[in-house]
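One structure below.
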Amino acid sequence: MTPGELIAFAALGGVLGLDVVSFPQAMWSRPIVAATLGGALAGDVASGLLIGATLELIALETLPFGASRYPEWGSASVVGGVLAAGQAQGAGTLTLAVLGALATASVGGWTMVMLRRLNARWARNTLPAREAGERGAVIGVQMAGIAADLVRGMLLTALALAALTPIARAAVATWGVDARLSRAVVVGLALTVALGAVWKIFHSTRGALWFFGAGLLLAVAVLA
Amino acid sequence: MTDVRETLPPTGSVAPRALPLRTRIALFTRLLAIQGAWNYEILLGNGIGYCVEPALRLLPGGVGGRRYRQALARQSRYFNAHPYLAAIAVGALARVELDELPPNRIERFRTALCGPLGSVGDRLVWAGWLPFCSLLALVAFGMGVGATGVLLLFLGLYNAGHLALRAWGLRVGWRHGMNVATALGTPVLRYGPEHIARAAAFVAGIGLPLALYRIIGPGRALLGGVLVAVAIGGFVLARLHGRAEGWRIAFGVLAAFVLVSVAR
Chain A
1 MTPGELIAFA ALGGVLGLDV VSFPQAMWSR PIVAATLGGA LAGDVASGLL
51 IGATLELIAL ETLPFGASRY PEWGSASVVG GVLAAGQAQG AGTLTLAVLG
101 ALATASVGGW TMVMLRRLNA RWARNTLPAR EAGERGAVIG VQMAGIAADL
151 VRGMLLTALA LAALTPIARA AVATWGVDAR LSRAVVVGLA LTVALGAVWK
201 IFHSTRGALW FFGAGLLLAV AVLA
Chain B
225 MTDVRETLPP TGSVAPRALP LRTRIALFTR LLAIQGAWNY EILLGNGIGY
275 CVEPALRLLP GGVGGRRYRQ ALARQSRYFN AHPYLAAIAV GALARVELDE
325 LPPNRIERFR TALCGPLGSV GDRLVWAGWL PFCSLLALVA FGMGVGATGV
375 LLLFLGLYNA GHLALRAWGL RVGWRHGMNV ATALGTPVLR YGPEHIARAA
425 AFVAGIGLPL ALYRIIGPGR ALLGGVLVAV AIGGFVLARL HGRAEGWRIA
475 FGVLAAFVLV SVAR
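Chains as they are written, first to last, in this note's numbering: chain A, 1 to 224; chain B, 225 to 488.
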């Protein structure tokens, strides 16, 4: 990976990481979008979409309620998409890309907590000016938060890719498990999380189980 | 600058004339960055002040005037709401400020707005519209739709709802001012979450198997085992509800699997 490519991936990760909370929450940070774009930028849109769909199944569990800490999927999915598209293709590619994305998402969640504390400090430091109704203070705090979030996402993406790309490449080269089993383990785990998420979100809705069952029958009919 | 006080009634009880187009555009675009300075102390507070600010410029004295400064200070304090439904608050707060209602009334109104705008938005968007659109994108993916189609479907559908909700919120907030509580009784907010949840459950029933079938690829030979494992795992996760996060468990299991795969 050249420095130019790394900068491009970092810029994409920054913009998509920014979407998670700060601006504009249009959900281009969702894995199915972010990983696909990451894969496209790395030259393999199909691999990006594949890992994006896998991560999307896992991300169904994440409900970004207020102050809760949750994985940061935007930058992480770019990392996953790039890992899936860019490294040597092999039996463990999808597994390693998903693992890399999950690791990045976890660290990304922590960086978001740090950013929120930094925002709080800026808000505290400007309290006298904001209480005096100074326009520059209010807008300054807002812009500083957005800029810091962009930098956070860019650094996270760049550091994750710099650290994980050689590891993933080495792991693919020494991968000792059959491709079918590798793929089955990843998709099995993702679907398990998705099933748990669907239950968590919809179990309290009257009749939801019947609707789910009807959908399941339709899917079986399509696949048969 | 246009003095909109000429166009505004003295209280929030009568429908106002429109804000200048430039102000409306500024309010709407700023809403997209309302969480830019989100933090654990004042939460969305600074964002509300940031979003309302273009409207406050229309107060007598303009930018930097005494009324502008007092209103901006008031609007930049602690606030909590769902980021999309905060548009209702921004519209209503802009209205009551430009109506120049007494500060203590505005502060009480502002406090009262927080709770409902958070819980309604969470159920409607985070636990309804977002999973629905996400699952629909997985259906499209599972049916073999290409990357462009999947992305256009997801982003187009999601943001049609997202942007419409913000625009509607800003409009009803501005129109109703102090009486904006009536807007929260609209059928979309009252019954929408339940209908969307049912639709999403239906789409989940279709989407999960189709996505599984497409992703698993060469692993189809092991489909039976995967389905049994998923059924057991899903049941366990449901039983663990609230005590464990599925993605963390998946992370741990996957890390162990990678170690075994590399060590073999």
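All C-beta atoms in this analysis are idealised placements derived from N, C-alpha and C, irrespective of residue type, glycine included.
So, is residue 236 of chain B buried or exposed, given that buried needs 16 or more other C-beta atoms within 10 angstroms?
Unreliable placement is indicated for residue 236 of chain B, whose pLDDT of 46 sits below 50; the coordinate value is still reported in the next sentence. Classification of residue 236 of chain B: buried, given that the 10 Å Cβ count is 16 or more.
Of all Cβ atoms in chain A, is any one closer than 9 angstroms to the Cβ of residue 204 of chain B?
Summary: the structure shown does not reach residue 204 of chain B, with chain B confined to residues 225 through 488, and so no result is reported for it.
Under 8 angstroms by Cβ, that's how I've got residue 141 of chain A and residue 120 of chain A pegged, so tell me the actual separation to the nearest angstrom.
The Cβ separation is near 10 angstroms, so there is no contact.
Looking only at C-alpha atoms, which of A:157, A:85, A:48, A:191 sits nearest to residue 6 of chain A?
A:157
Buried versus exposed call for residue 219 of chain A [16 or more other C-beta atoms within 10 Å across all chains shown]:
By the neighbour-count rule (16 or more Cβ atoms within 10 Å), residue 219 of chain A is buried.
Under a three-way DSSP split, which group does residue 256 of chain B fall into?
coil
Have a look at the DSSP bridge pairing and note the partners of residue 267 of chain B.
B:263, B:303
Is residue 89 of chain A helix, strand or coil by DSSP?
coil
Could you work out which residues of chain B lie near residue 64 of chain A, taking near to mean beta carbons separated by less than 8 angstroms?
350
Does DSSP put residue 202 of chain A in a helix, in a strand, or in coil?
helix
Tell me, please, whether the CB atom of residue 430 of chain B is closer than 9 angstroms to any CB atom in chain A?
yes
Local Cβ density within 10 Å of residue 114 of chain A, reported as buried at 16 or more and exposed below that:
exposed
Taking the continuous alpha helix (DSSP H) assigned at residue 412 of chain B, which residues delimit it?
411 to 440
Could you pull out every residue in the same chain whose Cβ sits closer than 6 angstroms to the Cβ of residue 42 of chain A, ignoring the five residues on either side in sequence?
When the five nearest sequence neighbours on each side are left out, the beta carbons in the same chain lying within less than 6 angstroms of the beta carbon of residue 42 of chain A are those of 82, 85, 86, in order along the chain.
Give a yes or no on whether the C-beta atoms belonging to residue 368 of chain B and residue 424 of chain B are separated by under 9 angstroms.
no
Of all Cβ atoms in chain B, is any one closer than 9 angstroms to the Cβ of residue 89 of chain A?
no
Closer than 9 angstroms to chain A by CB, residue 260 of chain B
yes
Does the beta carbon of residue 166 of chain A come closer than 9 angstroms to any beta carbon on chain B?
no
For chain A, find out if any of its Cβ atoms is closer than 9 angstroms to the Cβ of residue 308 of chain B; answer yes or no.
yes
Have a look at residue 44 of chain A and residue 370 of chain B and give me their C-alpha separation to the nearest angstrom.
Rounded to the nearest angstrom, the two C-alpha atoms are 13 angstroms apart.
Any C-beta of chain A sitting closer than 9 angstroms to the C-beta of residue 471 of chain B?
yes
Whole alpha helix (DSSP H) runs in the stretch 103 to 184 of chain A with 4 or more residues, listed along the chain?
127 to 131, 135 to 173
Give a yes or no on contact between the stretch 93 to 107 of chain A and the stretch 468 to 477 of chain B, applying the rule of three or more CB pairs nearer than 8 angstroms.
yes
Within 9 angstroms of any Cβ in chain B, is that where the Cβ of residue 103 of chain A sits?
yes
Residue 300 of chain B beta carbon less than 9 angstroms from that of residue 264 of chain B:
no
Residue 128 of chain A touches chain B at which residues, Cβ-Cβ below 7 angstroms?
Here the premise fails: no neighbours, minimum Cβ distance about 10 angstroms.
What first and last residue would you give for the alpha helix (DSSP H) that runs through residue 19 of chain A?
3 to 21
Could you check the C-alpha separation between residue 428 of chain B and residue 212 of chain A for me, to the nearest Å?
Roughly 6 angstroms between the two C-alpha positions.
Quick one, are the C-beta atoms of residue 32 of chain A and residue 378 of chain B less than 9 angstroms apart?
yes
Terminal residues of the continuous alpha helix (DSSP H) containing residue 345 of chain B?
327 to 345
What is the rounded straight-line gap between the Cα of residue 68 of chain A and the Cα of residue 267 of chain B?
Residue 68 of chain A and residue 267 of chain B: Cα-Cα distance of roughly 12 angstroms.
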